[in-house]
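J.:
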Amino acid sequence: MSGFTRLTIVGRTRKAEIVVPNEETIAALIPQLMDLLDEHTGSVARPLTLMRATGQQLDTALTLADQKVAAGELLRLLRVDEAPAPPEVADVTDVVAEARDDRRGLWGLPHRQGVGSVMIGAFTGTAAWLAADAAPGSYLLFGALFLGCVAIAAILGYTTRRWTAIGFTAAAFGLVPATALAVAQTSVWISVPPLAVAVIVGFGLAWLTVGIALGVGLAVRPALRASALALALFALAVLLPLTGISVLETAGIVGVTAAVMCGLLPWYAMNSSGLTGLDDLVIAGRLTHRDVVLTTVNDAYRSLTWSTVAVALPLAGTASLLAVSENGWAIALGAALAVVTALRTRAFPLAVQAIALWGAALVAVVVVAVAHDDGAVSIAALIVLAAITLISVALTPPPHTRARLRRFGNGIEMLAVVSLLPVLLGVFGVYPDLLGTF
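UniProt numbering puts the sequence shown at residues 1 to 438.
Rendered as structure tokens:
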């Protein structure tokens, strides 16, 4: 598309056909048009403007391209106070039709595919759940069906059959609950409650679907990078109980690992997306095209969002599990994880990322309040937290106060992070053993 437009400009005494740049504001063009058409300079109170043949005045702060001025259009240069009134639209039907076409969120192919995916997942999941009730112990069958759907989704996505791949991905997600429940009922998990096993296995299967079906098949690379983090935490949660470690100790290790990962997420997103590599190329004197840089930056932001969700879910689960126990060290570790999760939101720029972490911290607080219901104490604590939240959101402190609060938050976060490892050792019962030894 050309960057210039040919127009016919009519003044008081002259008319000219000129070619003007599309990206230049009209205010910048008017002085040249005045000289070309021999228009006299008037008072500042009577500025010049351009008017279309329909009587519509052009906004001088915008460009011709912004206002969709067509090539060959006739414009009049005249004083603002001499311009006629703008045209009035009498046909309401046309206005309603145009307003509908210009609105965002109109029903289209993405929405149809999204609703279809949800329906496929719901139907498949319900059928699998009913089959699991009718035939208990059929975890091998459900596992084979799940892996088959994931594999087919990856292959179809790789061969650019996108919608069919999305459909099999939805079916795989639908099979996750029944498959997780079937696996939880096996004899391998004798020392772990079935509900905890089902949640852990469901988490792993869901992120396996995200990584293979979305990340590999549909080439959503940020999802693949996030699934690597989630599956690493899943492997810890699965393997540690098999070594004889208790559920609380496993939750402590997984929670502390997730908190460490949360602090490293910006570094992980920039490195895995290649943004750091581009910076190294620039330092070395090899310039990169702007489009490549923008694409890489967007990819890094998406990777950070996916990875934040992948880490926030284990943080919410482990902090809640630790905080509802009767072990004082575990309760302290759950509280520290909730504090770290809430304060880490300041390092994440996008709303989705902060919402995921705030949601994880909120889940832990609510679960603790319900599990340790001390009557008036719990109610008073929740009311105080609600009041603090109300005041924090309502107030807009000056910059120096925000800086002071930020330093205070940094100190609290540092103390919470430093306390994670000593408190985790307390969950393992190290300190009573040391006292008994000495």
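Ideal Cβ positions, reconstructed from N, Cα and C, are used throughout, including at glycine.
1) Return helix, strand or coil for P193, following the three-state DSSP convention.
2) Between which two residues does the beta strand (DSSP E) harbouring P397 extend?
3) Have a look at the DSSP bridge pairing and note the partners of M34.
4) Classify R103 as helix, strand or coil using the three-state DSSP reduction.
5) CA-CA distance, R344 and N410?
6) Taking its Cβ as the centre, do 16 or more other Cβ atoms sit within 10 Å of W329, making it buried, or is it exposed?
7) Does the stretch 221 to 239 touch the stretch 296 to 306, meaning 3 or more C-beta pairs lie closer than 8 Å?
8) Pick out whichever of A180, M119, V199 and A135 has its Cα sitting closest to the Cα of T169.
9) My guess is that A213 and A154 are in contact by the Cβ rule of under 8 Å, so how many angstroms apart are they, rounded?
10) Report all residues from its chain with a CB closer than 8 Å to the CB of P136; omit the five preceding and five following residues, and keep chain order.
11) Measure the Cβ-Cβ separation of A356 and L420 and say whether it is below 9 Å.
12) Ignore the nearest five residues each way along the sequence and tell me which others in M1's own chain have a CB closer than 7 Å to its CB.
13) By Cβ distance below 6 Å, which residues in the same chain neighbour C149 in space, the five residues on each side in sequence not counted?
14) Rounded to a whole number of angstroms, what is the C-alpha to C-alpha distance between V340 and A369?
15) Would V201 and A180 qualify as a contact pair, given that the criterion is a beta-carbon distance under 9 Å?
16) Between the C-alpha atoms of L229 and Y431, what's the straight-line distance to the nearest angstrom?
17) Name the residue from I9, N271 and A251 whose alpha carbon lies nearest to the alpha carbon of M34.
18) Run through DSSP, which three-state label would M1 get?
19) With a cut-off of 8 Å on the beta carbons, I'd call A237 and T250 a contact; round off their distance for me.
20) Answer with buried or exposed for G114, where buried requires no fewer than 16 other C-beta atoms within 10 angstroms of its C-beta.
21) Taking the Cβ atom as the reference point for each residue, do residue 446 and G11 lie within a distance shorter than 9 Å?
22) Applying the criterion that 16 or more other CB atoms from any shown protein chain within 10 Å of the CB defines a buried residue, is E98 buried or exposed?
23) Using alpha carbons as the reference points, say which of L195, G215, P177 and P194 lies closest to R165.
24) Is it the case that the Cβ atoms of A427 and N327 are separated by a distance below 9 Å?
25) Closest to L36 by CA distance: which of V20, T25 and W358 is it?
26) When the Cα of T318 is compared with those of W163, R52 and F203, which residue comes out closest?
27) Would T296 be called buried (16 or more neighbouring beta carbons within 10 Å of its own) or exposed?
28) On the DSSP letters alone, give me the boundaries of the alpha helix (DSSP H) that E249 sits inside.
29) Work out the CA separation of L315 and L382 for me, nearest whole Å.
30) Could you round the C-beta distance between L333 and L424 to whole angstroms and report it? I think they count as a contact, below 8 Å.
31) My understanding is that A338 touches A364, with C-beta atoms under 8 Å, so please give their C-beta distance in whole angstroms.
T.: From the atom records:
1) Along the sequence shown, one-based indexing puts residue 193 at 193. Of the three classes helix, strand and coil, the one that applies to P193 here is coil, per DSSP.
2) Here residue 397 refers to the residue found at position 397 when the sequence shown is read from its first residue. Premise fails: P397 is in no beta strand (DSSP E) and is neither H nor E.
3) Counting from one through the sequence shown, the residue named residue 34 turns up at place 34. In DSSP, M34 forms no bridge with anything.
4) The residue you call residue 103 lines up with position 103 of the sequence shown. In this structure, R103 counts as coil in the three-state DSSP scheme.
5) In the sequence shown, the residue the question calls residue 344 occupies position 344. In the sequence shown, the residue the question calls residue 410 occupies position 410. Approximately 9 Å, taken between the alpha carbons.
6) Translated into positions along the sequence shown, residue 329 becomes position 329. Around the beta-carbon of W329, 16 or more other beta-carbon atoms lie within 10 Å, marking it buried.
7) As far as the Cβ criterion goes, the stretch 296 to 306 touches the stretch 221 to 239, which means the pair count is three or higher.
8) Taking the sequence shown and counting its residues from 1, one reaches residue 169 at position 169. Among A180, M119, V199 and A135, the Cα nearest to that of T169 belongs to M119.
9) Sequence index remark: in the sequence shown, residue 213 carries index 213 (1-based). Sequence index remark: in the sequence shown, residue 154 carries index 154 (1-based). Going by Cβ atoms, the distance from A213 to A154 rounds to 6 Å, so yes, they are a contact pair.
10) Stepping through the sequence shown from its first residue, residue 136 is reached at position 136. Here the set comprises A182 and Q185.
11) As a first step, residue 356 must be located in the sequence shown, where it is residue number 356. As a first step, residue 420 must be located in the sequence shown, where it is residue number 420. 9 Å or more divides the Cβ of A356 from the Cβ of L420.
12) Counted from its first residue, the sequence shown places residue 1 at position 1. The predicted position of M1 is uncertain, since its pLDDT is 49 and thus under 50; a value taken from the coordinates is nonetheless stated next. Correct list: empty, nothing qualifies.
13) Working through the sequence shown from its first residue, we reach residue 149 at position 149. The beta carbon of C149 sits closer than 6 Å to the beta carbons of F168, A171 and A172 from its chain, once the five residues preceding and following it are set aside; these are given in chain order.
14) Numbered from its first residue, the sequence shown carries residue 340 at position 340. Numbered from its first residue, the sequence shown carries residue 369 at position 369. One C-alpha to the other measures close to 18 Å.
15) Your numbering for residue 201 matches position 201 in the sequence shown. Your numbering for residue 180 matches position 180 in the sequence shown. Taking a C-beta distance under 9 Å as the contact criterion, V201 and A180 qualify as a contact pair.
16) Locating residue 229 in the sequence shown gives position 229, where the first residue counts as 1. Locating residue 431 in the sequence shown gives position 431, where the first residue counts as 1. If I take the Cα positions, the gap works out to 31 Å.
17) Position 34 of the sequence shown, counting from 1, holds the residue named residue 34. When only C-alpha atoms are compared, the closest one is I9.
18) Residue mapping note: residue 1 aligns to position 1 of the sequence shown, counting from 1. No answer about M1 holds up, because its pLDDT of 49 lies below 50 and its placement is not dependable.
19) As a working mapping, residue 237 is identified with position 237 in the sequence shown. As a working mapping, residue 250 is identified with position 250 in the sequence shown. About 6 Å; that satisfies the 8 Å criterion.
20) Locating residue 114 in the sequence shown gives position 114, counting from the first residue. Exposed is the call here.
21) In the structure displayed, the chain extends from 1 to 438; residue 446 sits before or after that span and is not available.
22) Residue 98 sits at position 98 when you count from the first residue of the sequence shown. Counting the other Cβ atoms within 10 Å of the Cβ of E98 gives fewer than 16, which makes it exposed.
23) For the purposes of this step, residue 165 is taken as the residue at position 165 of the sequence shown. Position check: residue 165 holds Ala in this sequence, whereas Arg was assumed. Each of L195, G215, P177 and P194 was checked against the Cα of A165, and the nearest Cα belongs to G215.
24) For the purposes of this step, residue 427 is taken as residue 427 along the sequence shown, with counting starting at 1. For the purposes of this step, residue 327 is taken as residue 327 along the sequence shown, with counting starting at 1. Strictly speaking, residue 427 in this sequence is Val, with Ala absent from that position. In contact: V427 and N327 (Cβ atoms closer than 9 Å).
25) As a position in the sequence shown, residue 36 is number 36, starting the count at 1. Closest option to L36, Cα to Cα, is V20.
26) In the sequence shown, the residue the question calls residue 318 occupies position 318. Cα-wise, what sits closest to T318 is F203.
27) Within the sequence shown, the letter at position 296 stands for residue 296. Buried, because 16 or more other Cβ atoms sit within 10 Å of the Cβ of T296.
28) Along the sequence shown, one-based indexing puts residue 249 at 249. From DSSP, the alpha helix (DSSP H) with E249 extends over V247 to S273.
29) Here the question's residue 382 lines up with position 382 in the sequence shown. Here the question's residue 315 lines up with position 315 in the sequence shown. Taking the straight line from one Cα to the other gives about 21 Å.
30) Position 333 of the sequence shown holds residue 333. Position 424 of the sequence shown holds residue 424. With a Cβ gap of about 6 Å, L333 and L424 count as contacting.
31) As a first step, residue 338 is located in the sequence shown; it is residue number 338 there, counting from the start. As a first step, residue 364 is located in the sequence shown; it is residue number 364 there, counting from the start. Right, the Cβ-Cβ distance comes to about 4 Å (below 8 Å), so this counts as a contact.
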